[in-house]
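Asker: For what it's worth, this note's numbering labels the leading residue of the sequence shown as 4, then goes sequentially.
In this text, a Cβ means the ideal position worked out from N, Cα and C, and glycines have one as well.
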Amino acid sequence: MNSDRFERSQKLRILADRLIHYKSDPKFDIPNDQTPTNPRIQDPLQNSESLSNPNSIQSERVEPNRAAVLICLFEGEKGDIRVILTKRSSTLSSHSGEVALPGGKVEEGDASDADTALKGG
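Set out below in structure tokens:
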């Protein structure tokens, strides 16, 4: 066997270096004591019906689901960068049969985001 085949490729080294040194745009940084602004979350106090009907507050607030995915990159035999994807089961109630990254919704038993991302998908 050729040991060069098992070494990281130059393309992957360059990509890894770029990711390690990547600096996100500060406008997207979220302070630890704040939650992200999400257009799907509505402030019930901005809606006059919420003030007159307290039961409507719960139904109007849509919380986003927390998720984590694995992005596994590798070099194919022809030197191209490839990614591992999974096909969701056709029996699932949402996104059935679609191609997705491994991982998914964070569940109560998941110890960490890494644990969630390593789920079978």
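1) Return the first residue and the last residue of the beta strand (DSSP E) that K108 is part of.
2) What first and last residue would you give for the beta strand (DSSP E) that runs through A70?
3) Along the chain, where does the beta strand (DSSP E) containing R85 start, and where does it finish?
4) Quick check on DSSP: helix, strand or coil for L76?
5) Pull up the distance between the alpha-carbon of R69 and that of D116, whole angstroms please.
6) Please return the same chain residues whose Cβ sits closer than 8 Å to the Cβ of R85, not counting the five positions on each side in sequence.
7) For the alpha helix (DSSP H) containing A19, list its first residue and its last residue.
8) Return yes when the Cβ of L73 is within less than 8 Å of the Cβ of L104, no when it is not.
9) Assign A103 to one of three DSSP states: helix, strand, or coil.
Answerer: Inspection of the coordinates gives the following:
1) Within the sequence shown, residue 108 is the residue found at index 105, counting from 1. In the DSSP assignment, K108 falls within the beta strand (DSSP E) that extends over 106-108.
2) The residue given as residue 70 occupies position 67 in the sequence shown. If you look at A70, you'll find it in the beta strand (DSSP E) that goes 70-72.
3) Stepping through the sequence shown from its first residue, residue 85 is reached at position 82. Looking at the DSSP string, the run of the beta strand (DSSP E) that includes R85 is 84-86.
4) On the sequence shown, residue 76 is found 73 positions in, with the first residue counted as 1. The three-state secondary structure of L76, taken from DSSP, is strand.
5) Counting from one through the sequence shown, the residue named residue 69 turns up at place 66. Counting from one through the sequence shown, the residue named residue 116 turns up at place 113. Each residue's alpha carbon lies about 9 Å from the other.
6) Residue numbering aside, residue 85 sits at position 82 when the sequence shown is read from its first letter. Around R85, the same chain offers L76, F77, E78, G79 as residues with beta carbons nearer than 8 Å, after the five sequence neighbours per side are excluded.
7) Position 16 of the sequence shown, counted from the start, is the residue given in the question as residue 19. Looking at the DSSP string, the run of the alpha helix (DSSP H) that includes A19 is 13-24.
8) By 1-based counting over the sequence shown, the position of residue 104 is 101. By 1-based counting over the sequence shown, the position of residue 73 is 70. Against a cut-off of 8 Å, the Cβ pair of L73 and L104 comes out as a contact.
9) Numbered from 1 along the sequence shown, position 100 holds the residue referred to as residue 103. Secondary structure of A103 (DSSP, three-state): strand.
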